[in-house]
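Student: Before I ask anything, let me first share the structure, which is written out below as structure tokens.
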Ligand SMILES: [Zn+2]
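Residue numbers (this note's numbering): 4 to 425.
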């Protein structure tokens, strides 16, 4: 009997042609207007393996109130495909396997056609090959190998492929979580990279402040009140807050690649001022100045405390300098945290290490995910392990790529995770 490795390698052509087809279906968002097309392409593929498929559209009223934004067109559809393990085959709790089908726009600077996946030097280039269509091609290939070898499924399977992840804030996955479609005990997120097995992400709050002045002719500026100068006083106070916040670290280590690049050992809390907008003309004292930014908070930081700290600091700073202002904090995605000692996490880590033939670490990442929103709702134990490499794969940049070896290793990782091989 051929080994799993040989079988997976034997499906290399099948995997690459599947990935080519997925990349060619334009799911770049905005506008995200071909979601129906990619899901209609995938449904017969999963049905051929005996999955029961459901195309789930975000209802219009939910879309209108929570997700609608400029530039989006077409239906917001998602795929849920389920297949139970044979009864008596040692079927354990259900596993949700997730990633997203939308991709970010191509942008410029490519050396190949971004929507025509191209093989070059043992890599595939194309928008979405790493983030995250490569994983979908690997999943279907793993199902195909399992069928050839007549392998038993370890658990009942729930494959969830969603849309609008790249634009948020209320992605297809958020809707599926709220509408009760996510029923697995465990949640394997194929979105992400293969740096390590990710169990923690930061939460995110975006903030805005409007600082008020009094407009007048600039030659009599002393009779007015310059909103930019007032904002500068506030900015200095905010930089002190930044200093305090950014000393806080999580107990979760960050990826070994980030550690190597920056020397940072653990997930870190972050506070940023990222936008500033004021003034109409050189000779007009500005009446208002707008500041915006974000706060990335650790899984260990309770949201209420984070909000309280921001509120207090803005209040104290504006009172101290007599600044008239209004401010607002908007919590977006919560942090994600799954116990790194959980047996499911250890199982994923073991399978990932075996498939990639290197010892994987359990890590946290700085960014925020819609998965965090979903599993906060569903209480599923979640971890993320993806097919691409954080730095090398250029996700969200020109020349996005994935190593063919990584695609094959990832297929093997899925085989180990989903099927009984002994
Ligand atoms: Zn992604």
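Where is the CB? At the ideal position from N, CA and C, for every residue including glycine.
Quick check on DSSP: helix, strand or coil for residue 100?
Tutor: Looking at residue 100 - three-state DSSP - the assignment turns out to be strand.
Student: Does the separation of the CB atoms of residue 301 and residue 205 fall below 8 angstroms?
Tutor: Yes. Within cutoff.
Student: Quick one: measure Cβ to Cβ for residue 298 and residue 214, integer angstroms, because I've assumed they're closer than 8 angstroms.
Tutor: So it is not a contact: roughly 18 angstroms between Cβ atoms.
Student: Would you check if the region 388-407 and the region 211-231 touch, i.e. whether three or more CB-CB distances between them fall below 8 angstroms?
Tutor: Touching, no, given that fewer than three Cβ pairs across the two stretches are closer than 8 angstroms.
Student: Residue 309 to residue 274, Cα distance in whole Å?
Tutor: Approximately 11 angstroms, taken between the alpha carbons.
Student: Let me check understanding here. Comparing Cα to Cα, which of 199, 119, 257 and 134 lies closest to residue 362?
Tutor: Of the listed residues, the one whose Cα sits closest to residue 362 is 199.
Student: Express the C-alpha separation of residue 355 and residue 413 in angstroms, rounding to a whole number.
Tutor: Rounded to whole angstroms, residue 413 to residue 355 spans 8 angstroms at the Cα level.
Student: Exposed or buried, which one is residue 61 when buried takes at least 16 other CB atoms within 10 Å?
Tutor: By the 10 Å Cβ count, residue 61 comes out buried.
Student: Check residue 340 in the structure and name its three-state DSSP category.
Tutor: Three-state DSSP puts residue 340 in a strand.
Student: Excluding sequence positions up to five away, which residues of its chain have a Cβ less than 6 angstroms from the Cβ of residue 347?
Tutor: Cβ within range, chain order: 189 and 384.
Student: Using only the alpha-carbon positions, how far apart do residue 16 and residue 22 sit?
Tutor: Near 10 angstroms, if we compare the C-alpha coordinates of residue 22 and residue 16.
Student: Excluding the 5 residues flanking residue 49 on each side, which residues of the same chain have their C-beta closer than 6 angstroms to its C-beta?
Tutor: Excluding sequence neighbours, residue 49 sits near 56 and 84.
Student: Figure out for me which residue from 331, 318 and 156 has the closest Cα to the Cα of residue 90.
Tutor: It is 156 whose Cα lies nearest to the Cα of residue 90.
Student: For residue 323, collect the residues of the same chain with a Cβ closer than 8 angstroms to its Cβ; drop the 5 residues on either side in sequence, then sort them by chain order.
Tutor: Closer than 8 angstroms at Cβ, skipping near neighbours: 240.
Student: Do residue 196 and ligand 1 come close, with the Cβ less than 7 angstroms from some heavy atom?
Tutor: Checking every heavy atom of ligand 1 against the Cβ of residue 196, none is found closer than 7 angstroms.
Student: Quick check on residue 76: buried or exposed, where buried means 16 or more other Cβ atoms within 10 Å of its Cβ?
Tutor: With fewer than 16 other Cβ atoms within 10 Å, it is exposed.
Student: Determine whether the beta carbon atoms of residue 434 and residue 138 lie at a separation below 8 angstroms.
Tutor: As shown, the chain starts at 4 and ends at 425. That puts residue 434 outside it, with no answer to give.
Student: Where does residue 49 sit, in a helix, a strand or coil, going by DSSP?
Tutor: Three-state DSSP puts residue 49 in a helix.
Student: Quick one: does the C-beta of residue 371 sit closer than 7 angstroms to a heavy atom of ligand 1?
Tutor: Result no, Cβ not under 7 angstroms from ligand 1.
Student: So what does DSSP say about residue 148, is it helix, strand or coil?
Tutor: Three-state DSSP puts residue 148 in a helix.
Student: With hydrogens ignored, establish whether the beta-carbon of residue 57 is closer than 7 angstroms to any heavy atom of ligand 2.
Tutor: Absent from the structure shown: ligand 2. Ligands present: ligand 1.
Student: State the beta-bridge partners of residue 31 as determined by DSSP.
Tutor: DSSP lists 106 as partners of residue 31.
Student: Is any heavy atom in ligand 1 found nearer than 7 angstroms to the beta carbon of residue 134?
Tutor: Answer for residue 134: yes, Cβ within range of ligand 1.
Student: Is it right to say residue 164 is buried, meaning 16 or more other beta carbons lie within 10 angstroms of its own, or is it exposed?
Tutor: Flag for residue 164 reads buried.
Student: Short of 6 angstroms in beta carbon distance, which residues of its chain neighbour residue 87, apart from the five on each side in sequence? Order them along the chain.
Tutor: Within the same chain, residue 87 has close Cβ partners 159.
Student: CA-CA distance, residue 134 and residue 128?
Tutor: When rounded, the distance between both Cα atoms is 12 angstroms.
Student: At the level of alpha carbons, what is the spacing between residue 326 and residue 335?
Tutor: Cα to Cα, the separation comes out at about 27 angstroms.
Student: Do the region 138-148 and the region 165-174 touch if we need at least three Cβ pairs shorter than 8 angstroms?
Tutor: These segments do not touch.
Student: I'd like to confirm something about residue 168: is its beta-carbon nearer than 7 angstroms to some heavy atom of ligand 1, or not?
Tutor: Answer for residue 168: yes, Cβ within range of ligand 1.
Student: For residue 329, I'd like the list of residues in its chain whose CB is within less than 6 angstroms of its CB, leaving aside the five on either flank, ordered along the chain.
Tutor: Excluding residues within five positions, the ones whose Cβ falls inside 6 angstroms are 213.
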